[in-house]
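Those letters in the sequence shown? Residues 1 to 510, per the working numbering, in order. Virtual Cβ for every residue (Gly too), placed ideally from N, Cα, C.
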Amino acid sequence: MEATHDFIDNLNWGAYRLVGFTVSLCQLTSALYFAKIIKQKNPKLITAVGGSSFSGDTAKNAIKLFPQIDVIITGEGELPLSRLIDYLYRNNQSRDLPAIQGVFTKNGAQTQKRRYPFFQMDTLERLPIPDYDDYFNLLNSFHPQKSFFPALPVEISRGCWWKPVTRSGKAAGCAFCNLNLQWSGYRSKKPSQVVSEIDSLTTKYRALSVAIVDNVLPQTTSKEIFEKLGKLKKDLRLFSEIRAKVPLAELNAMRAAGMQEVQIGIEALSTSLLKKLHKGTTAIQNLEIMKNCEALGIANISNLILHFPGSNQQEVTETVHNIEFALPYRPLKAVDFWLGLESPVWQNPGAYGIKAVFNHPYWGYLFPAAIIKSIPFMIQAYRGDLGYQKKIWRPIKQKVKEWQDIYHELFNSSSPSPILSFRDGRDFLMIRQRRFRTEPMTHRLKGTSRSIYLFCQHHRSLKRIRSQFPSFPEDKIVAFLKMMVDKKLMFVENEKYLSLAIPLNPERYT
Ligand code: SF4
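Here it is as structure tokens:
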């Protein structure tokens with residue numbers, strides 16, 4: 001509070017006509033407070049807000065309810081904001097605001113061509129490199145003991161190519177996701193643009209940590225981007241969100257470029273539940289990418305969603321079973337499902353057994369009832385099967401806790417090494433299986449057994465394995481695979497098999 005008032009009191013607001021706030025979830029109340037105080041002191045100042053908290057229907061009502069806000073920009077800001085600034089620049093004395101698509105004003109001036117009045121760039125190619133000078137100048141003014149080295153946010157793309165929001169504004173991607181309400185379609189920068197942007201920013205700000213802020217990386221150019229980044233010869237430390245189907249070769253390029261941490265769209269370890277989540281993935285694919293990250297030393301900080309409405313006992317049982325096979329890999333974080341405004345679940349609640357949706361009651365701690373009644377907030381609540389969901393998912397919380405304890409104890413040991421790994425002896429294979437508070441086990445595979453195990457480093461169907469090893473009798477193949485699964489050295493799902501041990505030399509198995 002004191003810092004806010006110091007900041008406000010120390011600026012000559014009379015020198016400005018427009019002040020803007022970008023509001024994601026956590027800045028909402030502070031931005032409203034800030035705008036209110038500035039407006040009280042400088043009634044002529046035009047206050048504008050935008051950002052994900054003002055996506056969709058929220059903007060329409062918020063403009064009427066918050067007197068301190070003059071303008072709400074919905075969707076991405078570049079074009080509407082530049083039009084607004086251009087207008088104010090040309091009309092120096094005017095208090096009237098023009099009708100600009102993507103801009104809500106008090107007098108209702110707004111061109112709404114469709115439900116979401118986006119006014120967005122066709123391409124990201126003309127975007128300049130972001131200017132973080134103010135931020136770094138402030139950071140550099142800190143006492144050395146209070147200073148830190150932040151990650152530079154970099155944007156490669158906007159939107160999501162995985163079932164993007166339709167032109168009518170209907171969300172169609174992952175069932176829980178409402179990340180893409182502020183734009184339509186998917187646009188990405190060219191690899192050369194991304195690489196030169198990262199090179200320039202890291203050079204200019206003398207920083208090597210880069211957080212890629214995309215919802216989803218480009219499908220066709222991602223590998224090229226990371227290969228080019230690797231050639232910069234900078235020891236970058238990258239973070240990105242990625243989809244579970246990213247192939248090993250692409251992960252390798254990411255690692256070589258400096259990818260150290262990823263959030264993968266895992267969300268579930270039950271294929272039937274993944275289908276309900278519209279993830280377009282399976283449990284075996286999730287295990288495979290978890291294994292690949294483990295092998296490459298990329299920290300996987302992904303979530304396991306609990307309490308998803310409409311999930312059932314069989315899916316929870318499948319999750320418990322599959323976690324047993326995921327124990328050698330970095331544990332997932334158990335997170336409770338929350339209902340996002342305008343997500344596919346929110347738009348079609350009946351399909352998930354939901355009877356009513358409304359603002360989450362926690363908003364009541366922040367806003368008066370009249371506002372809560374009028375504005376749909378980003379975090380919603382619902383009436384449905386939550387009691388049942390909490391009951392059936394209880395064992396998973398316990399299981400994930402055990403998983404974390406096992407993983408961390410094995411990794412914090414005096415000789416940390418992969419929990420399940422193999423070394424290849426060219427015609428035999430040694431698999432080392434470290435175990436919780438007991439001696440490790442070693443398994444040796446020879447000849448065709450070794451070859452099958454290596455072949456299934458990427459998941460393979462039984463049919464494919466049989467055709468790859470035609471001289472090996474089918475019953476022997478099946479018996480071998482069963483033995484491997486019983487020992488938790490392989491995972492099976494719908495007659496598809498995945499070897500679980502990670503190579504100690506991953507470069508040889510890409
Ligand atoms: S969770 Fe990710 S992949 Fe799924 S719809 Fe949202 S942005 Fe797209």
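{"Asked": "Endpoints, the alpha helix (DSSP H) within which Gly517 is located", "Found": "Only positions 1 to 510 of the chain appear in this structure, which leaves residue 517 out of reach."}
{"Asked": "Any non-hydrogen atom of the ligand SF4 closer than 7 Å to Val216 Cβ", "Found": "yes"}
{"Asked": "Residue from Phe148, Leu81, Thr105 and Phe136 whose Cα sits closest to the Cα of Gln120", "Found": "Leu81"}
{"Asked": "Residue interval of the alpha helix (DSSP H) (run including Lys373)", "Found": "Ala369 to Ser374"}
{"Asked": "Buried or exposed (CB count within 10 angstroms, at least 16 for buried), Asn300", "Found": "buried"}
{"Asked": "Completely contained beta strand (DSSP E) runs for the stretch 376–401, where each covers 3 or more residues", "Found": "379–383"}
{"Asked": "Buried or exposed (CB count within 10 angstroms, at least 16 for buried), Asp131", "Found": "exposed"}
{"Asked": "Distance between beta carbons of Arg444 and Asp427, contact taken as under 8 Å", "Found": "Not quite, the Cβ-Cβ distance comes to about 11 Å (not below 8 Å), so this is no contact."}
{"Asked": "Proximal residues to Leu28 (C-beta, below 7 Å), its chain only, five neighbours per side dropped", "Found": "Ser53"}
{"Asked": "Residue interval of the beta strand (DSSP E) (run including Asp336)", "Found": "Lys333 to Asp336"}
{"Asked": "For Gln27, three-class secondary structure by DSSP", "Found": "helix"}
{"Asked": "Beta strand (DSSP E) runs contained entirely in the stretch 144–190, provided each spans 3 or more residues", "Found": "152–154"}
{"Asked": "Distance between Phe455 and Glu495 (C-alpha atoms, nearest Å)", "Found": "15 Å"}
{"Asked": "Whole-Å CB distance - Val400 paired with Leu339, under 8 Å assumed", "Found": "With 8 Å as the limit, Val400 and Leu339 do not qualify as a contact, their Cβ atoms being about 22 Å apart."}
{"Asked": "Cβ shell of Ala525 (< 7 Å), same chain only, five flanking positions each side left out", "Found": "The first residue shown for the chain is 1 and the last is 510, placing residue 525 beyond what the model contains."}
{"Asked": "Through-space distance from Thr317 to Arg114, alpha-carbon basis", "Found": "Note on Arg114: pLDDT 46, under 50, position unreliable in the model; the coordinate value appears next. Using only the alpha carbons, I get a separation of about 44 Å."}
{"Asked": "Per DSSP, cross-strand counterpart(s) of Ala283", "Found": "The partner list for Ala283 (beta bridge, DSSP) is empty, contrary to what the question assumes."}
{"Asked": "Cβ-heavy atom distance, Cys293 to the ligand FAD, below 7 Å", "Found": "The ligand FAD is absent from the structure shown, which contains only the ligand SF4."}
{"Asked": "Paired residues, beta bridge with Glu493 - DSSP", "Found": "Lys496"}
{"Asked": "Rounded straight-line distance, which links the Cα of Ala99 to that of Thr111", "Found": "Caution applies to Thr111, whose pLDDT of 47 falls short of 50 and renders its modelled position unreliable; the model cannot decide the point."}
{"Asked": "Segment limits, alpha helix (DSSP H) that includes Asn303", "Found": "That residue, Asn303, is in no alpha helix (DSSP H); its beta strand (DSSP E) goes Asn303 to Leu306."}
{"Asked": "Closer than 7 Å: Leu179 CB and nearest the ligand SF4 heavy atom", "Found": "yes"}
{"Asked": "Any non-hydrogen atom of the ligand SF4 closer than 7 Å to Gly56 Cβ", "Found": "no"}
{"Asked": "Cα-Cα separation between His458 and Thr282, rounded to whole angstroms", "Found": "14 Å"}
{"Asked": "From Gly425, Glu125, Pro43 and Asp214, residue whose alpha carbon lies closest to that of Tyr16", "Found": "Pro43"}
{"Asked": "The stretch 356–375 touching the stretch 58–69, judged by at least three CB pairs closer than 8 Å", "Found": "yes"}
{"Asked": "Coil, strand or helix - Leu274 by DSSP", "Found": "helix"}
{"Asked": "Validate contact between the stretch 252–260 and the stretch 212–232 using beta carbons, cut 8 Å, 3 pairs", "Found": "yes"}
{"Asked": "Closer than 7 Å: Arg536 CB and nearest the ligand SF4 heavy atom", "Found": "No answer is possible for residue 536: it lies beyond the span of the chain, which begins at 1 and ends at 510."}
{"Asked": "Sheet register partners of Asn359 (DSSP bridge)", "Found": "Gln380"}
{"Asked": "Three-state class that DSSP yields for Phe511 in the structure shown", "Found": "Given a span of 1 to 510 for the chain in the structure shown, any question on residue 511 remains unanswerable."}
{"Asked": "Reduced DSSP category for Asn412 - H, G, I as helix; E, B as strand; rest coil", "Found": "coil"}
{"Asked": "Whole-angstrom C-beta distance between Val213 and Glu125, which should lie under 8 Å", "Found": "Incorrect: roughly 18 Å between the Cβ atoms, too far for contact."}
{"Asked": "heavy atom of the ligand SF4 below 7 Å from Gly173 C-beta", "Found": "yes"}
{"Asked": "Span of the beta strand (DSSP E), counted from its first residue to its last, around Val210", "Found": "Ser209 to Ile212"}
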